[in-house]
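Residue numbers (our numbering): 2 to 586.
C-beta: ideal position from N, C-alpha, C; glycine also.
What you are looking at is a predicted structure, and each value in this text was computed from that prediction instead of being measured.
Written out as structure tokens, the structure reads:
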């Protein structure tokens, strides 16, 4: 995410923008400013015929506005995240929105509970989640195996562990748990790296930022600094040492002993999953403006950095890029995970296809992803089968980091005018099969028709109809929600995996293969991908024309395997560790 060293924009469509960094116009809205020339700029668009998504933000009840400064303080440009999780175990997805605007009176992170009618109610007050801080991202997971998902929130200068005490209350236990990170923490992920059944914690730190250092564009005006102006920092790893019987969570810092400290970087994205098929989870880090890192698990509590030899350190041109958001799924149906990483608008994104087990090749051109309606600076991104045809599709939210690149219009209502010049439209690409994508952005104007400063993006089934929906967060504007409205979707199955006997109740890191209609489809359960976000902790499989499952095979996070019987499609299956038929190693 390289900040601007080029001249700022003077105008967009004849509108004069405030040059450089400074105070925002109170109450200013870019969409309002554009309304005379772009009457289509509005909050909610109805689902057009054939549209993929319907914008439900206004009627959802989610009233969250990301408040952030305009004084070129670098952390203002990075956050903030969203989390989809069921914090009270009532069977409906709830939403947590991370706030960055500590300098804005009244701004705080917000927790929304989904009611029985599908609307969301703000339950932040008194919950312990209403943090007023420079929040970056957040993830959800049950760290003490009590059945209630907890939250980890990353911040500029801290990492917080919020323990879910039930009844809608959370209690910060960071210090008691042994988690302390005074750096600029950005992405986070749970991982059971030693396969002992307990959730360990990875936190990616961004640059070693010095706020006293001021940066300018070529005309001498204040501007956001480039990450290259600062040194990289170590990605941190904490081993979960909570007693097996549960109780107060305890973690031990193993960053140095694991080998992660020896390879610093500028972390903005994480994927914790098995990259070489040995049954042990590895750690991929997308590094802004530097070579990516891939820490391979050596099965003894240590990791070795192997991004270059495995083909994921550089883009297709053999160069570093502004690596930000991440998605990991089997895009071409060969049973192995492929990795998508977003970059700047002037750079092509990377689609690292797993060519052979553990070896990747940036195949962005072959995947058709260079053929898009417009170029975007991508952040949050997901690979998920929206139309349930059996091939995961791609969605991403975009938002500029340079004033010199023209923003896009119409800008969504509610976006602050100062930040509106960084706004870009989101994009969605349909997987036409075997990992080839076609730009479907124009097919869904409700999702891609208006611009905002996109950062986080999370996926989950908000209404329980089996179709994955989307939630996004952006700078200086509202959180946004879209429901999947694709007509003629294929059949589907959702797998909710659980390991109640151990400490990884949501089975994070487990892999599943669904066989249906003579085809095998693979996926890994890792909610903490995209950008500073956490998805619903389930696996969604599109089955196309298949009306039934032949079987399901699960490789649990501890490496053991079980098979489960098939049955009718179009339902959610709850599969518990120990209730399937064991598969010999």
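Residue i in three-state terms, based on DSSP
i: residue 444; result: helix
i: residue 137; result: strand
i: residue 452; result: strand
i: residue 132; result: coil
i: residue 177; result: helix
i: residue 340; result: strand
i: residue 427; result: coil
i: residue 223; result: strand
i: residue 197; result: coil
i: residue 261; result: helix
i: residue 407; result: coil
i: residue 183; result: coil
i: residue 569; result: strand
i: residue 209; result: coil
i: residue 99; result: coil
i: residue 142; result: strand
i: residue 249; result: coil
i: residue 421; result: helix
i: residue 78; result: helix
Beta-bridge pairing of residue i - partner residues as DSSP gives them
i: residue 379; result: 399
i: residue 170; result: 167
i: residue 160; result: 155
i: residue 239; result: 202 and 254
i: residue 297; result: 305
i: residue 457; result: 474
i: residue 284; result: 273 and 296
i: residue 362; result: 354
i: residue 218; result: Answer by DSSP bridge pairing: none, since residue 218 is not bridged.
i: residue 554; result: 514 and 564
i: residue 234; result: 266
i: residue 520; result: 517
i: residue 485; result: 54
i: residue 327; result: 342 and 531
i: residue 83; result: 98
i: residue 321; result: DSSP output for residue 321 lists no bridge partner at all.
Same chain only: Cβ atoms within 6 Å of residue i, ignoring 5 sequence neighbours per side
i: residue 70; result: 77 and 104
i: residue 545; result: 390, 391 and 491
i: residue 556; result: 512 and 562
i: residue 1; result: Past the boundaries of the shown model lies residue 1; the chain is included only from 2 to 586, so the question cannot be answered.
i: residue 306; result: 264, 294 and 296
i: residue 285; result: 272 and 295
i: residue 157; result: 76, 135 and 185
i: residue 376; result: 346
i: residue 480; result: 63, 65, 98 and 474
i: residue 1; result: Because the chain in this structure spans residues 2 to 586, residue 1 falls outside the shown range and cannot be described.
Buried or exposed (CB count within 10 angstroms, at least 16 for buried), residue i
i: residue 148; result: exposed
i: residue 411; result: buried
i: residue 325; result: buried
i: residue 419; result: buried
i: residue 566; result: exposed
i: residue 388; result: buried
i: residue 583; result: exposed
i: residue 258; result: exposed
i: residue 195; result: buried
i: residue 245; result: exposed
i: residue 224; result: buried
i: residue 300; result: exposed
i: residue 580; result: exposed
Contact set for residue i: own chain, Cβ-Cβ below 8 Å, skip 5 residues either direction
i: residue 278; result: 337, 358 and 359
7 Å CB neighbourhood of residue i in its chain, flanking five on each side removed
i: residue 46; result: Below a pLDDT of 50, predicted positions are generally treated as unreliable, and residue 46, at 40, falls in that range; the measurement from the model is reported next regardless. Once the five neighbours on either side are set aside, the close Cβ partners of residue 46 are 56, 446, 447 and 450.
i: residue 333; result: 339, 354, 435 and 436
i: residue 361; result: 311, 312, 313, 340, 353, 354 and 355
i: residue 494; result: 515, 542, 544, 550, 570, 572 and 574
Contact with chain C by residue i, beta-carbon distance below 8 Å
i: residue 22; result: The chain inventory of the structure shown lacks chain C, comprising one protein chain alone.
* Would you call the region 215-223 and the region 187-207 touching, i.e. three or more CB-CB distances under 8 Å? -> no
* Count the C-beta pairs between the region 469-481 and the region 497-517 that are closer than 8 Å, then say yes if the count reaches three, no if not. => no
* **Cβ pair count under 8 Å reaching 3, the region 58-72 against the region 137-157** => no
* Asked: Do the region 494-505 and the region 344-357 make contact, defined as three or more Cβ pairs closer than 8 Å?
  -> no
* Asked: Quick one: any contact between the region 190-205 and the region 239-249, if contact means 3 or more CB pairs under 8 Å?
  -> yes
* Asked: Between the region 520-529 and the region 124-131, do three or more beta carbon pairs fall short of 8 Å?
  -> no
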